[in-house]
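J.: Here it is, the structure, as structure tokens.
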Amino acid sequence: MVRHPLLSIKDLHVSVAEKEVICGCSLSVLPGELHVIMGPNGAGKSSLVHSLMGHPMTRITQGIVRFCGKDLLDLAPHERAKLGLFLAFQHPREIAGVRVRDFLYSALTAQKKPLAPLEFHDRLTREMNLLHIDNAWEDRAVHRGFSGGEKKKLEILQLLVLKPKLALLDETDSGLDLDALTVVAEGLKHLRKRQPSFAAILVTHNVRFLRVLKPDHVHVMLHGQIVESGGASLVRTLEKQGFQKHIASYT
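Counting from 1 along the sequence shown, just add 932 to a position and that's the residue number in our numbering.
Set out below in structure tokens:
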């Protein structure tokens, strides 16, 4: 049985502040796959995932991107989200005056059929328990006064509640202590098990995080291009050798 890509990127070029940061990137993601993008700082990893979501700081100058069979570049950010694309920011902003419960309920009902408040509350409570999140979070303003680890937990909670088709995770593991890292990783594993078609592109430097998640594909990005791809074994190679081989070949 032939499986069609959930996401297909061909010869993508992206500029930020008139500087090209993605220079001909191509990538294909099948349903259920976890792709990891690694590379030195400034390689273009975050710019890639932000451009896919339609971040206003990025400008796509060339390339083709198809998601769920549709031309992604023709869609506004909210239309991409409604189609099932999700972006978890490295530094999510707080939203004063908007409670976590209301934020998630509004996001869910905007994407899918309206859910009865009681049914939503049961789902939210179940997912919060999975992530060891106190129920008092429901009434907190989104990211207001949250620690770095709490912000990342909230983004994983959004994933579990909203159930997107494809998540773009921009260093979701950064700033987490070991316990929080384990909770976040287990939350992602649970989502992949519960929703086998769920796919993700994860930007990370954290080898320990990847040992838990066991990615299907690992890519090295340098100067806005994917310069090497492999399986989970590539993570072990990079852990030992770093990116010096790749940097040397481009100097």
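Backbone N, C-alpha and C fix where the C-beta goes; we use that ideal spot for every residue, glycine too.
Between which two residues does the alpha helix (DSSP H) containing residue 983 stretch?
T.: Start and end: 977–985.
J.: Please classify residue 1033: does DSSP put it in a helix, a strand, or coil?
T.: In this structure, residue 1033 counts as helix in the three-state DSSP scheme.
J.: Along the chain, where does the alpha helix (DSSP H) containing residue 1086 start, and where does it finish?
T.: Element bounds for residue 1086: 1080–1094.
J.: Do residue 1028 and residue 1073 have their CB atoms nearer than 9 Å?
T.: Going by C-beta atoms, residue 1028 is nearer than 9 Å to residue 1073.
J.: Taking only the alpha-carbon atoms, compute the straight-line gap between residue 1125 and residue 1000 and give it to the nearest angstrom.
T.: Computed Cα separation, rounded: 21 Å.
J.: Would you call the region 986–1005 and the region 936–946 touching, i.e. three or more CB-CB distances under 8 Å?
T.: With a cut-off of 8 Å, the region 936–946 and the region 986–1005 count as touching, because enough Cβ pairs lie within range.
J.: Sort out for me which residues DSSP pairs residue 941 with in a bridge.
T.: Its beta-bridge partners are 959, 997.
J.: Which of helix, strand or coil does DSSP assign to residue 1162?
T.: Note: residue 1162 maps to strand in three-state DSSP.
J.: Give the single residue among 1032, 1068, 968 whose Cα lies nearest to the Cα of residue 1164.
T.: Among 1032, 1068, 968, the Cα nearest to that of residue 1164 is on 968.
J.: Please identify the residue among 950, 1022, 1003 whose C-alpha is closest to the C-alpha of residue 982.
T.: Residue 982 has its Cα closest to that of 1022, out of 950, 1022, 1003.
J.: Going by beta-carbon coordinates alone, are residue 1026 and residue 1064 separated by less than 9 Å?
T.: No; because the gap between Cβ atoms is not below 9 Å, this pair is not in contact.
J.: Under DSSP, the alpha helix (DSSP H) around residue 1111 begins and ends at which residues?
T.: Residue 1111 -> alpha helix (DSSP H) spans 1110–1126.
J.: Quick one: grab the DSSP three-state call for residue 952.
T.: It is a strand residue.
J.: Need the endpoints of the beta strand (DSSP E) that residue 1131 sits in, please.
T.: Per DSSP, residue 1131 belongs to the beta strand (DSSP E) from 1131–1135.
J.: Determine, using beta carbons only, whether residue 1138 and residue 1106 come nearer to each other than 9 Å.
T.: Result yes, Cβ atoms of residue 1138 and residue 1106 sit closer than 9 Å.
J.: Pull up the distance between the alpha-carbon of residue 1168 and that of residue 1116, whole angstroms please.
T.: About 21 Å.
J.: Between the region 1003–1017 and the region 1046–1062, are three or more C-beta pairs nearer than 8 Å?
T.: Not touching, per the Cβ criterion.
J.: Using the Cα positions of residue 1060 and residue 1033, report the straight-line distance between them to the nearest angstrom.
T.: Distance between the alpha carbons of residue 1060 and residue 1033: 11 Å.
J.: Taking only three categories from DSSP, how would you classify residue 1053?
T.: The answer is helix: DSSP assigns residue 1053 an H, G or I state.
J.: Looking only at its own chain, which residues have a Cβ that is under 7 Å from the Cβ of residue 1094, when we skip the five neighbours before and after it?
T.: Correct list, in chain order: 1018, 1039, 1040, 1043.
J.: Assuming contact is defined by CB atoms lying nearer than 9 Å, are residue 1132 and residue 1170 in contact in what I supplied?
T.: Cβ distance not < 9 Å, so residue 1132 and residue 1170 don't count as in contact.
J.: Per DSSP, what kind of secondary structure is residue 1145 in: helix, strand or coil?
T.: Helix, per DSSP.
J.: Quick check: residue 971 and residue 1129, are their CB atoms within less than 9 Å of each other?
T.: Contact flag unset, no.
J.: Could you give the residue range of the alpha helix (DSSP H) that holds residue 1004?
T.: Run containing residue 1004: none; DSSP gives neither H nor E here.
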